[in-house]
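In the numbering used here, the protein residues as written are 1 to 300.
Following this line, the structure appears as C-alpha cells:
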C-alpha cells in the first residue's frame with residue numbers, strides 16, 4: 001500500500017502544475033505587463049487587449065475599464081455608457097475601435113494598475129450567452145516635475161584659516177519620491193535627506209543638508225532624480241575672508257586717555273611759552289646791570 005501511494009504523488013503534482021499553467025495562460029499571466037507613462041496635466045491613452053473587427057461595432061460588446069480591480073473607471077454595454085467613476089467624469093473617453101481608454105488632465109491619483117475587460121454579447125453554439133474575450137492589465141505611472149533645486153548657505157563660524165557653514169538644497173512639488181545627490185568640486189558627498197508628503201500619492205518636498213568646514217572656495221552641485229529624470233543647479237561657495245586688519249573705532253577708555261595726554265601736553269607747551277621768555281628777559285637785565293656797574297667803577 002505504501003508503495004502504491006508513493007507512485008501516485010508524482011502524477012498529482014504534474015496534474016496540479018498543468019492546471020496552474022493553464023490558468024496563467026487563460027488570464028494572460030505569461031504575457032508581458034504593459035506600462036503607460038504620463039505627466040501631471042497631460043493626456044494619456046491606456047491600450048486594451050482587444051480590437052473590434054472592422055466588420056463589427058461596439059453594439060455587440062461590453063467593455064469595462066477598471067482600476068485596482070474594484071473601481072470601475074468607465075463601462076459600456078453596446079454603445080451606451082453604463083458607468084463612470086465620479087473622479088474621472090469629463091476626463092475619460094473610450095476609442096470605439098481599439099477600446100483605448102483616454103484620460104485627460106492626468107492627476108497623481110491616477111497612478112496605478114488598470115484592466116481592460118471585454119465581453120462578447122453574441123451567443124454561439126460553443127459559447128452560449130456573453131463570454132469573456134480578454135482581461136489584460138496595464139499600469140499607469142504618473143510623474144510631476146520638481147522645481148529647480150534651490151541652494152542656500154549659512155555661515156556658522158569663520159576664521160582666517162577656515163569657514164564653517166551649513167548648505168541646504170531643496171526642491172518641491174514633484175512625484176514620485178525623489179533621490180537627492182550632492183557633489184563638491186565634482187566629488188560625491190553624502191547629504192542628510194528629508195522628505196515631506198501628505199501621502200504616498202501626493203507631491204513631495206525634498207531637502208538635502210550638508211555641513212562643511214572649508215579652507216578654500218568650492219563649487220557645489222545638487223541633483224534631484226525622479227523616475228529617470230534629473231534637475232540640477234550649482235553654486236560657488238566662497239570662503240569668508242576674515243584675515244583683514246580690523247578697522248573698528250577705538251574704545252571709550254582709549255579715547256579718554258588719549259585726550260588727557262593731549263590736553264596735558266598742550267598745557268605744558270602753553271606754560272612754557274608764557275613763562276620762559278619772561279625769565280630769560282629778567283636774567284638778561286640782571287647781567288646788563290652788573291656789567292654797567294663794573295664799567296663805571298673802572299672809570300672812577
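We put the CB at the ideal spot given by N, CA and C, even for glycine.
- Within the model, the alpha-carbon separation for residue 230 versus residue 53 is close to 43 Å.
- Taken through DSSP and simplified to helix, strand or coil, residue 75 comes out as strand.
- Counted as a single uninterrupted DSSP element, the stretch harbouring residue 88 is not any beta strand (DSSP E), since DSSP gives it neither H nor E.
- Bridge pairing for residue 208: 169 and 193 [DSSP].
- Residue pairing by DSSP places residue 150 opposite 170 in a beta bridge.
- Assigned with DSSP and collapsed to three states, residue 52 falls in coil, not helix or strand.
- Distance from the CA atom of residue 215 to the CA atom of residue 184, rounded to whole angstroms, is 13 Å.
- Secondary-structure assignment with DSSP links residue 253 through no beta bridge to anything.
- Counting C-beta pairs with one atom in each stretch, the stretch 219-229 and the stretch 141-161 have three or more that are closer than 8 Å, which means they touch.
- Looking at 102, 163 and 106, the one whose alpha-carbon comes closest to that of residue 213 is 163.
- Rounded to the nearest whole angstrom, the C-alpha separation of residue 138 and residue 101 is 11 Å.
- DSSP, read as helix, strand or coil, puts residue 270 in helix.
- Closest option to residue 144, judged by alpha-carbon separation, among 109, 272 and 156: 109.
- DSSP, read as helix, strand or coil, puts residue 259 in helix.
- Residue environment for residue 181: buried (at least 16 other C-beta atoms within 10 angstroms of its C-beta).
- Taking 8 Å as the upper bound for CB-CB distance, residue 63 and residue 99 are in contact here, some 6 Å apart.
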